[in-house]
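Letter by letter, the sequence shown follows residues 988 to 1315 in our numbering.
Each residue gets a CB set at the ideal place from its N, CA and C atoms; glycine is no exception.
Only a predicted model underlies this, so the values are computations on that prediction, with no experimental measurement involved.
Only one structure is covered here, and it is reproduced in the block below.
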Amino acid sequence: MKLRKLGNLDLNVSAVGLGCMSFAGFYDPTTKEESFKCLDEARNVGINFLDTAEMYGWGLSEEIIGEYQSLNKYEFHVATKGGIVRGAARGVNDNSETGLRKSLEGSLKRLRVDYIPLYYIHRRDYTFDIEDVSGTLKKFIDEGKIGGFGFSEISPSSLRRASKIHHVTAIQNEYSLWTRYPDLGMLQTCKELGTTFVPFSPLGRGILSNNDLTPLNFSETDFRKNQPRFLEPNFTKNMKSIKIFRDFCKSKGWSPASVSIAWTLDQGDHTIPIPGTRSATNLKDFSSGATILFTDSDRADIKKILPVGWAHGDRYSDAQVTGVERYC
């Protein structure tokens, strides 16, 4: 697996990371044993960069990673996220210094480490200016608890504001062949500022793969269940384009998942996608995207099949959009 530099840190990580949200059953129920198999396969293919968060199973994903590392005497480069705390009905955004410190200490304990190389604010809490939040995170760096910090789902203008306080190591936004809004400023701003751009859901929550998706059969806990792109009539319309994309990939001898990962890597050497999965087999498949090199003809074909704006429906339900900065 090729390596890429993580922001301004003296740290090179695998060009493809592993998102660990599914370890907490965000899509369908899974087991610790299956998660361990994924981590075994990640090591086999050269992935050394993991992404998790406090709110993934309210610590469960972090606990699984921490236990695996302890049992195997092996440490991945783990990025985690705080800033969402458990509320009465759902998560509540809390970017206060007290709240973030409590979240960070909890993550350190669950991961069984005394240092986290990259710590993100999962969602903005607009009662606090981003400059003040950056100041809090800088304190954590000075205390030796984290190496660098980042934000998830913020705008280019917010990134510039935060960067005036301290260099921002990474920005994490949804980005894939069916979610392209970061093209309208975020990728460019990250490159300008020396900030790594970390695309999450680079496989379009599974649609950019060969997986057979039947939204009507999604479990009640499935994160996608109420997302407009997976509801009718949007889903049927989206699958028409996906079928053409799958046929193209087959004609090239590539899997749709590997092509989707290769595409995100092709957008700049400052990108590090973090696809997630519950399956070691799927992990092996998408990680092979790091070896694909597109020709100009390949790029033109993909652009023609899945042009900017092709997807039908919003990417989030109304309940899921809290704290997400919309800038275009």
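In this structure, how does DSSP classify residue i when only helix, strand and coil are distinguished?
i: Ser1304; result: coil
i: Phe1063; result: coil
i: Thr1264; result: coil
i: Gly1069; result: strand
i: Asn1269; result: helix
i: Thr1258; result: strand
i: Phe1281; result: coil
i: Lys989; result: coil
i: Gly1078; result: strand
i: Glu1092; result: helix
Pull up the distance between the alpha-carbon of residue i and that of residue j, whole angstroms please.
i: Cys1007; j: Thr1067; result: 10 Å
i: Val1155; j: Leu1164; result: 25 Å
i: Ile1353; j: Phe1235; result: Because the chain spans 988 through 1315 in this model, residue 1353 falls outside it and cannot be assessed.
i: Glu1021; j: Lys1151; result: 42 Å
i: Phe1217; j: Ala1298; result: 11 Å
i: Arg1099; j: Leu1058; result: 11 Å
i: Asn995; j: Gln1159; result: 16 Å
i: Thr1268; j: Thr1114; result: 43 Å
i: Asp997; j: Asp1285; result: 34 Å
i: Pro1169; j: Pro1143; result: 9 Å
i: Gly1310; j: Leu1146; result: 15 Å
i: Cys1315; j: Lys1060; result: 45 Å
i: Ser1238; j: Ile1231; result: 11 Å
i: Gly930; j: Thr1176; result: The structure shown does not extend to residue 930, since the chain is modelled only from 988 to 1315, so the question has no answer here.
i: Ala1244; j: Gly1193; result: 8 Å
i: Val1185; j: Glu1062; result: 20 Å
i: Leu1195; j: Leu1180; result: 30 Å
i: Ile1133; j: Lys1126; result: 9 Å
Since residue i and residue j are thought to touch, with beta carbons under 8 Å apart, how far apart are those beta carbons, to the nearest angstrom?
i: Glu1028; j: Lys1271; result: 6 Å
i: Glu1041; j: Gly1093; result: 6 Å
i: Ile1259; j: Val1000; result: 7 Å
i: Ala1277; j: Val1065; result: Going by Cβ atoms, the distance from Ala1277 to Val1065 rounds to 20 Å, so no, they are not a contact pair.
i: Gly1070; j: Arg1030; result: At roughly 29 Å, the Cβ-Cβ gap does not stay under 8 Å, so Gly1070 and Arg1030 are not in contact.
i: Ile1289; j: Trp1250; result: 6 Å
i: Gly1137; j: Tyr1107; result: 5 Å
i: Leu1174; j: Gln1254; result: 6 Å
i: Pro1189; j: Ser1247; result: 6 Å
i: Gly1300; j: Pro1215; result: 4 Å
Quick one: using the 10 Å Cβ neighbour count with 16 as the cut-off for buried, is residue i buried or exposed?
i: Val1308; result: exposed
i: Thr1123; result: buried
i: Met1226; result: exposed
i: Asp1305; result: exposed
i: Thr955; result: In the structure displayed, the chain extends from 988 to 1315; residue 955 sits before or after that span and is not available.
i: Ser1048; result: buried
i: Tyr1043; result: buried
i: Ile1117; result: buried
i: Pro1220; result: exposed
i: Leu1105; result: buried
i: Gly1135; result: buried
i: Asn1082; result: buried
i: Leu1095; result: buried
i: Asn1080; result: buried
Segments of 4+ residues assigned as alpha helix (DSSP H) that fall wholly inside the segment 1101 to 1165: 1117 to 1129 and 1143 to 1150
Complete runs of the beta strand (DSSP E) confined to the segment 1175 to 1208 [at least 3 residues]: 1183 to 1187
Would you list, in sequence order, the uninterrupted beta strand (DSSP E) runs of no fewer than 3 residues that lie entirely inside the segment 994 to 1070? 999 to 1001, 1036 to 1038 and 1064 to 1069
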